[in-house]
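Single-structure report; data block below.
Residue numbers (this note's numbering), protein chains in the order written: chain A, 1 to 169; chain B, 1001 to 1211; chain C, 2001 to 2203.
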């Protein structure tokens, strides 16, 4: 029942935004054919802080493939604790934009520009905060070489966005 | 047979390019010549239809990418010169914690990153664009972390009392027709939808707050 | 119809942005791109009626404008100057593609356009007669425009879509006023001929 209620609310909200189009449930209108993809990326929003008492109590844990990310963050950002607030493993579509949304407040738009020479992906990335884009970048993401984005300060620390290309093996 | 100047009169009348005297004279001709009159009316109607069906402005597909591609190409042509007052960015490179590989700064604008001698396995940032002039972006590769880093300074802090509404997204479904992406968490529940507003900007609508 | 929109009060003027561009400010150029990309794209799209190619040509127009910026003396409105560049870029492309008037038009391309127009109306709800006829007229107009030669297409679009005066059109192409008028007359007569059935049957 709760799911149906949520769907109705979201459908109404989407209908408001796309006022010219008929209201269609997102589930009903989905295509059965999956578009072509160029790989998978893992995105996470991390709260970096020295204030142990200020941790949000998030129970998120990085998947095994990315378990060393907090340690590596510590080599760059001057904090003791790195708490994963949200995470999202996402296919990168070849022809359409992809969204990496570990949190409502900070998320990434990813456009594939095709495979890179010698492995990895050419990407156009947009880092969004609410309804504003903070930074746009053209990048090459390679397996084993994450992108760390140092974002806004929050409470006694800083919000960091991590983007990693999942190994294809 | 009509002379070119008669054809020109017709066009000039249609397009309002006649003086008052000329227009009065032409209108008199129209009143006396029903064929001329109907030709003018037909052309006027067609002009109105042309204007209706050929908009003067059209939304550019992938508008953000349109702009960023232009920025990439013009940056390749002309070196970006930062105004003298901002030469302080040189000082940032001397911070000992930063690695010595590629470094670049964009201040309220666009910068091509000079990636020199990057080992093949490293991720690379080619170019950075910050729309907000009070934000500074700098990028460098950290050998210790084996990661590419992009630091944003001057971004307004998140309010301390803000609860971060966070997700663990397991899968997404995109409806190309409606330009919406539905986000599902690990339990299969819909947690958010990415939609586009009338300006084609993303709007993130979340369902159940968590965290 | 005014050809150029003056900036709203509080907005930076075109000439101020141009001066900043001439000093190397790419951020200022981005603002100009934002301001005029819709118009430039509409222009290239109406000329060649292919979304992807029109996108590329609109890009080219802006790149060329950036390169030529140091030589722009602000002796005309920025938009007229940008428009001239857009016209040249599109016209050169069309000549290379040798898309002439009547002979070499791609009928399959036209059919797709006509079908798309009809479909767009039918999909959502039962279309009233006038809405359907309007969509068909729009499709036929675009089809007819596509059949004009580049020279005639250009004057029609500059006049009817952009609302430019004859002098402005003559400056952009460039040609004499007499040529503008002759081409406009010819283009309109040709369109009338091609649309005759549509008008007679539909209205």
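We put the beta carbon where it would ideally sit given N, CA and C, even for glycine.
Remember, predicted model here, so these are calculated numbers, not experimental data.
_Proximal residues of chain B, C-beta to C-beta of residue 2033/C below 7 angstroms_ = The contacting residues are 1067 and 1070.
_To be precise: take each residue of the stretch 1126 to 1137 of chain B, compare its Cβ to all Cβ atoms of chain A, and keep it if any distance is under 7 angstroms. Which residues remain?_
Cβ contacts with chain A: 1126, 1127, 1128, 1129, 1130, 1131, 1135 and 1137.
*Contact under 7 angstroms by Cβ, residue 38/A with residue 112/A*: yes
*When we look at the beta-carbon of residue 2028/C and count the other beta-carbons within 10 Å, is it buried (16 or more) or exposed?*
It counts as buried.
*asked:* Counting only beta-carbon separations shorter than 7 angstroms, does residue 2115/C have a partner in chain B?
replied: Note on residue 2115/C: pLDDT 33, under 50, position unreliable in the model; the coordinate value appears next. It does not: the Cβ of residue 2115/C has no partner Cβ on chain B nearer than 7 angstroms.
*Check whether the stretch 1014 to 1024 of chain B touches the stretch 141 to 159 of chain A, taking contact to mean three or more Cβ pairs, one atom from each stretch, closer than 8 angstroms.*
no
*chain B contacts made by the stretch 2166 to 2191 of chain C, where a contact means CB separation under 7 angstroms*: 2166, 2181, 2182, 2184, 2185, 2188 and 2191
*Counting contacts by CB-CB distance shorter than 7 angstroms, is residue 48/A in contact with chain B?*
no
*In chain C, which residues lie less than 7 angstroms from residue 1057/B when you measure between Cβ atoms?*
2038, 2039 and 2042
*Can you name, in chain order, every residue of its own chain whose Cβ lies under 7 angstroms from the Cβ of residue 1205/B, other than the five neighbours on each side?*
1192, 1193 and 1195
*For residue 2119/C, which of helix, strand or coil comes out of DSSP?*
Here the model assigns residue 2119/C a pLDDT of 34, short of 50, so the residue's position is not dependable, and the following value carries that caveat. Residue 2119/C: helix per DSSP, three-state reduction.
*Have a look at residue 2150/C and residue 2047/C and give me their C-alpha separation to the nearest angstrom.*
8 angstroms
_C-alpha distance - residue 67/A paired with residue 51/A, whole-angstrom precision_ = 22 angstroms
*In terms of alpha-carbon separation, which member of 2019/C, 2185/C, 2137/C and 2183/C lies closest to residue 2069/C?*
Just measuring C-alpha positions, the residue of 2019/C, 2185/C, 2137/C and 2183/C sitting nearest residue 2069/C is 2019/C.
*Once you ignore the five residues that flank residue 1012/B on each side, which residues in its own chain have a CB closer than 6 angstroms to its CB?*
1018
*asked:* Tell me which residue opens and which closes the beta strand (DSSP E) that residue 1184/B is part of.
replied: 1180 to 1185
*Assuming residue 77/A and residue 150/A make a contact with CB atoms under 8 angstroms, what is their CB distance in whole Å?*
7 angstroms
*Residues in the stretch 1034 to 1062 of chain B with C-beta within 7 angstroms of chain C's C-beta atoms, listed in sequence order?*
1042, 1043, 1046, 1047, 1049, 1050, 1051, 1053, 1054, 1055, 1056, 1057, 1058, 1059, 1060 and 1061
*What beta strand (DSSP E) runs, 3 residues minimum, are completely inside the stretch 1030 to 1076 of chain B?*
none
_Once DSSP output is grouped into helix, strand and coil, what is the label at residue 135/A?_
strand
*Quick one: which chain C residues come within Cβ less than 7 angstroms of residue 1011/B?*
2181, 2184 and 2185
*For residue 139/A, go through chain B and note every residue whose CB falls closer than 8 angstroms to its CB, in chain order.*
1123, 1124, 1125, 1126 and 1148
*asked:* So if DSSP puts residue 2078/C in a beta bridge, which residue, or which two residues, is it bridged to?
replied: As computed with DSSP, residue 2078/C is found in no beta bridge at all.
_Among 1171/B, 1014/B and 1111/B, whose alpha-carbon lies nearest the alpha-carbon of residue 137/A?_
Distance check between residue 137/A and each of 1171/B, 1014/B and 1111/B places 1111/B closest, using alpha-carbon atoms only.
*Would residue 135/A be called buried (16 or more neighbouring beta carbons within 10 Å of its own) or exposed?*
buried
*So which residues of chain A does residue 1160/B contact, with C-beta pairs closer than 8 angstroms?*
By Cβ distance, chain A contributes 154 and 155.
*Do the CB positions of residue 1043/B and residue 1014/B come within less than 7 angstroms of each other?*
yes
*Counting contacts by CB-CB distance shorter than 7 angstroms, is residue 1111/B in contact with chain A?*
no
*Minimum Cβ-Cβ distance from residue 1073/B to chain C less than 7 angstroms*: Interface criterion met: the Cβ of residue 1073/B is under 7 angstroms from a Cβ in chain C.
*asked:* Less than 6 angstroms between C-beta atoms, sequence neighbours within five positions excluded: which residues of the same chain meet that for residue 116/A?
replied: Sequence-distant Cβ neighbours of residue 116/A in its own chain, meaning closer than 6 angstroms and more than five residues away, are 122 and 140.
*Taking buried to mean at least 16 other C-beta atoms within 10 Å of its own C-beta, is residue 57/A buried or exposed?*
exposed
*Can you tell me the Cα-Cα spacing of residue 2185/C and residue 1126/B, whole angstroms?*
51 angstroms
_Distance between beta carbons of residue 1048/B and residue 2162/C, contact taken as under 8 angstroms_ = Going by Cβ atoms, the distance from residue 2162/C to residue 1048/B rounds to 15 angstroms, so no, they are not a contact pair.
*Just how far apart, CA to CA, sit residue 1037/B and residue 2092/C?*
39 angstroms
_Taking its Cβ as the centre, do 16 or more other Cβ atoms sit within 10 Å of residue 1186/B, making it buried, or is it exposed?_
exposed
_chain C contact for residue 1031/B (CB, 7 angstroms cutoff)_ = no
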